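Asker: Mind having a look at this structure? Questions to follow.
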Amino acid sequence: MQIPVVADQSSGGASARSPLYVLFLAVIAAISGFLFGFDTAVINGVLLFLQRQFSLSNVETEVAASALLLGCLLGAAGASLVGDRLGRRKSLLLAAVLFAASTVGAALANSLAIFATGRLTGGLAIGLASVLTPVYIAEIAPARIRGRLVSLNQLAIVVGILVAYLVSWSLAGLGNSSWRWMLGVAAIPALVFFIGLLFIPESPRWLISNQRREEGRAVLSRIYGPEQADVQVELVEQAAAGEAGTWKEVFSKAMRRPLLVAVGLAVVCQITGINTVLYYGSILISQHFKGESAGSALMANVIIGFTNLVCTVIALRFLDRWGRRSMLLTASAGMAVSLAAFVIAYRIPGLSPLLVLACILSYTGFFAFAMGPIPWVVISEIFPNKIRGRAASIATSTLWTGTLAVTFTFLSLVRGLGVSGTFGIYAVLCVASFVFIWKMVPETKGKTLEQIQHEWEA
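Here the sequence shown stands for residues 73 to 530, numbered as in the working numbering.
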């Protein structure tokens with residue numbers, strides 16, 4: 073069994089009869105992205121105070137930051153099984169419950185072990201949502217706007233990141249216990265997410281695949297209209313007929329290249345080091361730039377978060393116009409140049425920290441322009457229906473493995489190689505990412521999921 077996906081099934085790319093309804097479904101699902109962004113980024117401010125309260129070493133700090141990411145990896149690995157058995161909607165409801173429970177548990181923690189357990193539980197929620205939310209949105213989105221709708225999840229992630237930075241900055245004055253409030257406020261959007269999910273339907277593709285044809289047709293009728301719904305149902309059934317949907321098919325010769333593309337994108341978008349800025353920015357600025365206080369470090373995070381948001385909005389605007397591949401190439405090249413400039417600027421004595429911050433903002437902006445949103449889009453669209461969930465789970469698990477590896481090693485690398493040496497490594501990896509994208513990643517702009525599938529098989 074697996075998590076298949078369908079979006080616009082017609083070769084002509086049928087448009088939604090009710091685009092506002094489709095947008096509503098996508099926005100509700102994307103609330104999980106907000107929680108994803110908030111829960112991952114809030115650690116940036118939390119660590120400043122958690123270190124003091126629990127007297128954490130560098131390794132313990134890495135454990136505190138990485139516990140969530142281990143949960144993300146485990147949640148993503150199990151998302152295919154959970155999503156297939158429960159359906160997308162019920163699986164996301166489970167994620168909403170885990171989001172709320174983890175937020176409260178971590179906020180009330182009185183030891184590193186309890187804190188890490190609460191964060192790991194939140195990671196399970198993020199892992200589930202990071203696989204199933206793009207899949208759900210891709211299923212209900214017409215091809216013409218699929219890229220933008222799937223990328224709403226990434227927009228929600230960066231909004232969550234920015235809000236986390238704003239919350240951390242505004243609550244920093246509460247003292248050493250402020251980290252508890254920074255975490256606890258996330259219970260509110262978790263409740264909103266749970267309630268919103270009660271008002272959206274199960275995915276039509278999952279319903280049809282589980283012998284609930286009329287329920288699936290009813291959802292497609294709401295999206296495309298009654299006449300086009302019949303066409304969509306027929307094409308969904310045709311696409312599913314004769315497809316084995318087994319793990320053997322995932323690793324078959326025909327799927328080697330799309331699997332390599334998905335896993336490769338999952339790796340390169342993380343090993344280029346963006347999460348060192350998103351998770352450790354406050355520690356990096358306060359400990360490695362003379363005269364910078366915790367307050368100014370948290371304010372710098374807000375500026376970084378705002379840059380992340382603006383550039384993600386730009387990406388949403390042009391994703392279905394400029395194409396995935398060209399934007400990825402531009403972003404990876406820009407990130408490499410920005411990090412090289414950062415390394416040079418950091419090593420020049422007496423250089424203004426504002427110039428160094430400008431390099432960080434440029435690096436963050438290029439990431440948000442493509443390397444943030446586009447891998448999620450490509451992963452959700454390049455596999456055949458019957459194996460899409462399994463393959464997406466592999467790619468997303470790989471992504472979280474990369475995130476975990478970078479987060480768990482960053483402070484140790486800085487201690488051993490220094491700031492400039494560590495970011496020099498990330499600059500080289502950005503160049504390697506450019507080469508991989510140039511050689512391996514195809515353009516999928518404006519194509520239906522079935523057209524993409526046929527191109528792999530050709």
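All C-beta atoms, glycine included, are put in the ideal place defined by N, C-alpha and C.
This one's a predicted model, so the numbers in the text were calculated from it and none came from an experiment.
(1) Could you please give the first and the last residue of the uninterrupted alpha helix (DSSP H) stretch that includes Val169?
(2) What does the Cβ neighbour count give for Pro76, buried or exposed, with the cut at 16 atoms within 10 Å?
(3) So the candidates are Lys325, Phe390, Met443; which of them puts its Cα closest to the Cα of Gly406?
(4) Give every residue of the same chain whose Cβ lies closer than 8 Å to the Cβ of Gly268, excluding the five residues on either side of it in the sequence, and list them in chain order.
(5) For the pair the segment 124-142 and the segment 227-246, tell me if three or more CB-CB distances fall below 8 Å.
(6) Where Tyr351 and Phe378 are concerned, what is the direct C-alpha to C-alpha distance, given to the nearest angstrom?
(7) Ordered along the chain, which non-local residues of its own chain (more than five positions away) have a Cβ less than 7 Å from that of Ala259?
(8) Mapping DSSP to helix, strand and coil, what is Glu515?
(9) For Ala181 and Phe187, I'd like the C-alpha separation in whole angstroms.
(10) Give, in chain order, every unbroken run of the beta strand (DSSP E) that is at least 3 residues long and sits entirely within the segment 348-407.
(11) Let me know the beta strand (DSSP E) ranges lying completely inside the segment 295-340, each 3 residues or longer, listed in chain order.
(12) Ala213 by DSSP, collapsed to three states: which one?
(13) In chain order, which continuous runs of the alpha helix (DSSP H) of length 4 or greater are located wholly inside the segment 429-510?
(14) When you compare each of Leu391, Lys511, Leu97, Asp156 to Ile295 by their alpha carbons, which one comes out closest?
(15) Nearest-angstrom Cα distance between Ala79 and Val333?
(16) Consult DSSP for Ser250 and reduce its assignment to one of helix, strand or coil.
(17) What does the alpha-carbon distance come out to for the pair Val131 and Asn248?
(18) Could you pull out every residue in the same chain whose Cβ sits closer than 6 Å to the Cβ of Ile542, ignoring the five residues on either side in sequence?
(19) Please state whether the Cβ-Cβ distance between Pro261 and Phe108 is less than 7 Å.
(20) If you check the beta carbons only, do Ile346 and Arg396 fall under 7 Å apart?
(21) Under 6 Å Cβ to Cβ from Gly232, same chain only, skipping five residues before and after it: list those, please.
(22) In angstroms, rounded to a whole number, what distance separates the CA positions of Ile497 and Gly159?
(23) Check whether the segment 431-441 touches the segment 471-486, taking contact to mean three or more Cβ pairs, one atom from each stretch, closer than 8 Å.
Answerer: If we stick to the structure as given:
(1) 160-179 is the extent of the alpha helix (DSSP H) around Val169.
(2) In this prediction, Pro76 has a pLDDT of 34, which is less than 50 and means its spatial position is unreliable; nothing more can be read from the coordinates.
(3) Met443
(4) So the qualifying residues of the chain are Ile100, Ile103.
(5) no
(6) 15 Å
(7) The answer, listed in chain order, is Ala172, Thr175, Val176.
(8) coil
(9) 5 Å
(10) none
(11) none
(12) coil
(13) 446-453
(14) Selection Leu391, Lys511, Leu97, Asp156 evaluated against Ile295 yields Leu97 as nearest (Cα-Cα).
(15) Caution applies to Ala79, whose pLDDT of 37 falls short of 50 and renders its modelled position unreliable; the value that the coordinates give is listed next. One C-alpha to the other measures close to 20 Å.
(16) helix
(17) 20 Å
(18) This structure gives no information on residue 542, because the portion of the chain shown stretches from 73 to 530.
(19) no
(20) no
(21) Phe106, Gly109, Phe110
(22) 41 Å
(23) no
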